[in-house]
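Chemist: Okay, here's the structure, questions in a sec.
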Amino acid sequence: MPKTLDAFTKEGKGSVIRKRDLIKSPNLKREFLEINQHLYGKLKHTETDTRARSKEIINLILCKLVDEKINSLPDSVMTFSIRKEEKSNELLVRLKQFFDDNIKEKYKSIVDENDNINLNKELVVLIVEKLQYISLLDSSKDVLADAFEIFVSRLLKEAGGQFFTPASVVKFMVKYLDPELDTKILDPACGHGGFLLECKDLLLSKIKQKYTSQKKIIETKYAKTISNLYGIDKDSYLAKICKLYIDIISQGNSNIFCEDSLDPNNYSNLTLNFIKNDYFDYVLTNPPFGAKIPIDNKEILVKFDLAHKWDYREDKWIKQNKLIKKQPPQILFIERCVQLLNYGGKLGIVLPEGLFGNPSNRYIWEYLRNVGKILGIISLDQNAFQPYTCNKTSILFFQKLKNIPDNYQIDFAIVENVGHDKDGKVQYKLNKDGTIKYNKHNEPIINNDLINLHLKIDESTEFNYLEEQDVFKLNIKQIKNSIFIPSYYTGVEKPLKSLLKNQNFILLSIADLIERGIIYTKNKEYLPRGDEIGSQVYGLGDVPFIRTSEINNWEINLNSHKKTSEEIYNQFKEKQNLEVGDILLVKDGGPNLIGKTAYITELDTQIVIQSHIYQIKTLKNKDYIDPYLILYLLNLKIVQKQIRAITFVQGTISTIGNRIMDVKLPFPSELDKRKEISKHIKEIIDDKTENRKKILNLSINSFDD
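If you count the sequence shown from 1, position 59 lands on 101 in the numbering used here, and the numbers rise without skipping.
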């Protein structure tokens, strides 16, 4: 930055900037990020309202967009620029006038009378200086998406569980559903309009392809396409900016409304004329979700089947008359989207992955199977929505039908690379030596599985137990326990099939071992687990409180940072009944911890274990199954792969839940082989225990003569 802003404007590179002078930015998001960092540096000691400032920045960016739209000829003089010898206050006045004339007046049915550019002149100059030589329209297909991600995303998260949808996710979902011409498309949680704009681009390309050189028909079809785009958002600012943005970019007239999508009883009369049940051909959305923003209004809940209690009877879920007290919004959004679709209409919706496999959510799949056909499930990597949230998500594709088939294929895909890491930094494909791969145009290749995934799905084959597949088709009749998570089938079903015909092994699940009286439980449906003692009793003594992070390499780290008193230990001693030979297994927490095991030795019995840890106690039996054999089998790759496959994410926490009961262990058929394995594992445990004893007995006098 120059020493003074006015000094910079006097130095200007020329008297005017013309359209032909604008260049494409290779990374518009980075330009916005640099602006944001400069703004933060200037404003961190002020009391400026962050949300208000973000709105003003978006208004300024809209000015730049409109400027590029209306000044389209190469010699056109750009308004969004710093003129030679122009002072900062003169620039601000000129841009305010431009905003009034070309946005406020032209879109007066959208823009409020009090909307303006109220940033101070220093900030306006800073932003214009950074963007004046950049063509926003050439630099990004969705300029506002890039701007929102930098300037607004964190505000949306704080306001109500809304998260920016990555462009690659939007593009893939639209390509998968592939909307047809002359169809009505709705996003009931539209945000800035990303899904609607992507649909607009796809349909425009179809119009141009179908009506080549027929200018009038193309213009008519294009106008109709824009008028068939519908959006709803309960945030008045987002609804306004969405319509303004779409109408500026398309030069058309979209239908965007500020309403609570889940509460049609309170829609305005105008909205009711456009937003109707059984009306839309396509619904694409990423609704707000989270347990912290539940819907508890009875007047809203009563309108939804999924807001009622469901009971499981006679192998199916049955809706009851009783309303539940509250429901997370994402569950109600599923049903609301179905209500809005016409018969034959298709849905694409982003949802927390927990909904696709948690036992408590299985009634949702009963509902869906009763009203239509599940088209596809796409499991996204946990980084998909980073750096704004670590919630793991999946995409559901669905079609509403009157006549529902009972035998059909579902598309499944596992997306492990989404083009960026947990910090939002772009990730590229790498060569074996760690260097970046380049395409034939000498451009770095982004490591994003979503690119062309729709084509891979079209070409995918049926699930094959003998092949490695991350994209496959599975028959609805092959779905087990209403689990719609692709990794469950690739991680559990596939490896076990290879052992079924192998006579050297017998597959027994944890549930089987409990049923045979080999593993202890008070309740046949659950393994015992630890307890929470409360942070208020940490530090009261020297008894280790063992958390998931204290379990590794078959051992317990007794040097826990959370120790408690012997009195607290005695309160849990009888209930937990920890004995030599018990095995601890991590059930909840970070995905890198789940499945880790530890063997309780004579050194480890005076501890209290956390509730996120299973306790596996092997009982005496005639099958030569002892704790050593169980420990060995739990750590086999084929078992750990099952554990990873049944690890579902609930919000930000990973858990295997009671699905541990379904994990199958490959026991050697020969009893002598079992005894041989047990003997070897016992020797390892004994050696480790002796070494731990030596470490514990070390002192300053250990090596005295």
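Positions of the beta carbon are idealized from the N, C-alpha and C atoms, including for glycine.
Quickly, what does DSSP pair residue 692 with across the bridge? List them, please.
Modeler: For the purposes of this step, residue 692 is identified with residue 650 of the sequence shown, where counting begins at 1. Paired residues: 695.
Chemist: How about residue 674 and residue 713: are their beta carbons less than 7 Å apart?
Modeler: The sequence position of residue 674 within the sequence shown is 632, counting from 1. The sequence position of residue 713 within the sequence shown is 671, counting from 1. Result no, Cβ atoms of residue 674 and residue 713 do not sit closer than 7 Å.
Chemist: Provide the residue span of the beta strand (DSSP E) that contains residue 585, from first to last.
Modeler: Stepping through the sequence shown from its first residue, residue 585 is reached at position 543. Taken as a continuous stretch (DSSP letters only), the beta strand (DSSP E) holding residue 585 covers 585-588.
Chemist: What whole-angstrom Cβ distance do residue 438 and residue 492 have, given they're in contact under 8 Å?
Modeler: In the sequence shown, counting from the first residue as 1, residue 438 sits at position 396. In the sequence shown, counting from the first residue as 1, residue 492 sits at position 450. About 16 Å separates the two Cβ atoms, so there is no contact after all.
Chemist: Which residues in the same chain have their Cβ closer than 8 Å to the Cβ of residue 243, if we skip the five residues on either side of it in sequence?
Modeler: Residue mapping note: residue 243 aligns to position 201 of the sequence shown, counting from 1. These residues qualify, in order along the chain: 183.
Chemist: Along the chain, where does the beta strand (DSSP E) containing residue 182 start, and where does it finish?
Modeler: By 1-based counting over the sequence shown, the position of residue 182 is 140. Element bounds for residue 182: n/a, residue is neither H nor E.
Chemist: Could you spell out where the alpha helix (DSSP H) holding residue 355 opens and where it closes?
Modeler: For this step, residue 355 is matched to residue 313 along the sequence shown. It is not in any alpha helix (DSSP H) - residue 355 instead sits in the beta strand (DSSP E) that spans 350-355.
Chemist: Under the three-state reduction of DSSP, which class applies to residue 200: helix, strand or coil?
Modeler: Locating residue 200 in the sequence shown gives position 158, where the first residue counts as 1. Low per-residue confidence applies at residue 200: pLDDT is 48, beneath 50, and the placement is therefore not dependable, though the value from the model is reported in the following sentence. If DSSP states are grouped into helix, strand and coil, residue 200 belongs with the helices.
Chemist: If we count the other Cβ atoms within 10 Å of its Cβ and call it buried at 16 or more, is residue 398 buried or exposed?
Modeler: Residue numbering aside, residue 398 sits at position 356 when the sequence shown is read from its first letter. Burial call: buried.
Chemist: Inspect the beta-carbon positions of residue 348 and residue 373 and report whether they are closer than 7 Å.
Modeler: Within the sequence shown, numbered from 1, the residue matching residue 348 stands at position 306. Within the sequence shown, numbered from 1, the residue matching residue 373 stands at position 331. In contact: residue 348 and residue 373 (Cβ atoms closer than 7 Å).
Chemist: Residue 396: buried (16+ other C-beta within 10 angstroms of its C-beta) or exposed?
Modeler: Taking the first residue of the sequence shown as position 1, residue 396 is located at position 354. Classification for residue 396: buried.
Chemist: With C-beta atoms as the reference, is residue 167 less than 7 Å away from residue 130?
Modeler: By 1-based counting over the sequence shown, the position of residue 167 is 125. By 1-based counting over the sequence shown, the position of residue 130 is 88. Against a cut-off of 7 Å, the Cβ pair of residue 130 and residue 167 comes out as a contact.
Chemist: So within the stretch 623-678, which uninterrupted alpha helix (DSSP H) runs reach at least 4 residues, ignoring any that extend past its ends?
Modeler: Counting only runs of 4 or more, we get 669-676.
Chemist: Please report how far the alpha carbon of residue 752 lies from the alpha carbon of residue 120, in whole angstroms.
Modeler: Here the chain has residues from 43 to 747 only, and residue 752 is not among them.
Chemist: Which residues bound the beta strand (DSSP E) around residue 358?
Modeler: Within the sequence shown, the letter at position 316 stands for residue 358. It spans 358-365 - the beta strand (DSSP E) in which residue 358 sits, taken as one unbroken run.
Chemist: Near residue 644, which residues of its chain fall below 6 Å by C-beta distance, leaving aside the five closest residues on each side in sequence?
Modeler: Position 602 of the sequence shown, counting from 1, holds the residue named residue 644. Only 622 meet the Cβ criterion.
Chemist: Go ahead and pull the three-state DSSP assignment for residue 394.
Modeler: If you number the sequence shown from 1, residue 394 lands on position 352. If DSSP states are grouped into helix, strand and coil, residue 394 belongs with the strands.
Chemist: Bridge partners of residue 571, per DSSP?
Modeler: Here residue 571 refers to the residue found at position 529 when the sequence shown is read from its first residue. 656.
Chemist: Which residue wins for smallest C-alpha separation from residue 386, given the options 457, 408 and 320?
Modeler: Within the sequence shown, the letter at position 344 stands for residue 386. That would be 320, whose Cα lies nearest to the Cα of residue 386.
Chemist: For the beta strand (DSSP E) that residue 381 lies in, which residues bound it at each end?
Modeler: Stepping through the sequence shown from its first residue, residue 381 is reached at position 339. Per DSSP, residue 381 belongs to no beta strand (DSSP E); it is in the alpha helix (DSSP H), 371-382.
Chemist: Is there contact between the stretch 701-709 and the stretch 639-655, where contact requires at least three CB pairs shorter than 8 Å?
Modeler: Judged by Cβ distances under 8 Å, the stretch 701-709 makes no contact with the stretch 639-655, as fewer than three pairs qualify.
Chemist: Can you give me the C-alpha to C-alpha distance between residue 509 and residue 722, rounded to a whole angstrom?
Modeler: Numbered from 1 along the sequence shown, position 467 holds the residue referred to as residue 509. Numbered from 1 along the sequence shown, position 680 holds the residue referred to as residue 722. Cα-Cα distance, rounded: 33 Å.
Chemist: I need the DSSP call for residue 232, collapsed to helix, strand or coil.
Modeler: If you number the sequence shown from 1, residue 232 lands on position 190. Looking at residue 232 - three-state DSSP - the assignment turns out to be coil, as it is neither helix nor strand.
Chemist: Return the bridge partner residues of residue 460 from the DSSP annotation.
Modeler: By 1-based counting over the sequence shown, the position of residue 460 is 418. The partner list for residue 460 (beta bridge, DSSP) reads 490.
Chemist: So the beta strand (DSSP E) residue 140 belongs to, where does it begin and stop?
Modeler: Taking the first residue of the sequence shown as position 1, residue 140 is located at position 98. That residue, residue 140, is in no beta strand (DSSP E); its alpha helix (DSSP H) goes 130-141.
Chemist: Tell me the DSSP secondary structure of residue 528 in three-state form.
Modeler: Stepping through the sequence shown from its first residue, residue 528 is reached at position 486. Correct three-state label for residue 528: helix.
Chemist: For residue 62, collect the residues of the same chain with a Cβ closer than 8 Å to its Cβ; drop the 5 residues on either side in sequence, then sort them by chain order.
Modeler: Here residue 62 is taken as the residue at index 20 of the sequence shown, counted from 1. Excluding residues within five positions, the ones whose Cβ falls inside 8 Å are 116 and 117.
Chemist: Once you ignore the five residues that flank residue 611 on each side, which residues in its own chain have a CB closer than 7 Å to its CB?
Modeler: Position 569 of the sequence shown, counted from the first residue, corresponds to residue 611. Contacts found: 585, 648 and 650.
Chemist: Helix, strand or coil: how does DSSP classify residue 533 here?
Modeler: Looking up residue 533 in the sequence shown gives position 491. Residue 533 falls in the helix class under three-state DSSP.
Chemist: Residue 415 and residue 382 look like a contact to me (Cβ under 8 Å); what is the Cβ gap, rounded to whole Å?
Modeler: As a first step, residue 415 must be located in the sequence shown, where it is residue number 373. As a first step, residue 382 must be located in the sequence shown, where it is residue number 340. That pair is no contact at about 17 Å.
Chemist: Excluding the five sequence neighbours on either side, which residues of its own chain have a C-beta within less than 7 Å of the C-beta of residue 736, listed in chain order?
Modeler: Locating residue 736 in the sequence shown gives position 694, where the first residue counts as 1. So the list is empty, once near-sequence residues are dropped.
Chemist: Where in the stretch 402-476 do unbroken runs of the beta strand (DSSP E), each at least 3 residues long, occur, reported from the N-terminal end onward?
Modeler: For the stretch 402-476, whole beta strand (DSSP E) runs of length 3 or above, ordered along the chain, are 414-421, 435-442 and 451-456.
Chemist: Would you give the residue range spanned by the alpha helix (DSSP H) that residue 322 belongs to?
Modeler: In the sequence shown, counting from the first residue as 1, residue 322 sits at position 280. Per DSSP, residue 322 belongs to no alpha helix (DSSP H); it is in the beta strand (DSSP E), 322-327.
Chemist: What's the call for residue 334, buried or exposed, on a 16-neighbour Cβ count within 10 Å?
Modeler: In the sequence shown, residue 334 corresponds to position 292, counting from 1. That one is exposed.
Chemist: Starting from residue 331, follow the beta strand (DSSP E) in both directions and report where the run begins and ends.
Modeler: Taking the first residue of the sequence shown as 1, we reach residue 331 at position 289. First-last for residue 331: undefined, no H or E at that position.
Chemist: For the beta strand (DSSP E) containing residue 704, list its first residue and its last residue.
Modeler: As a first step, residue 704 must be located in the sequence shown, where it is residue number 662. No beta strand (DSSP E) contains residue 704, which DSSP labels as neither H nor E.
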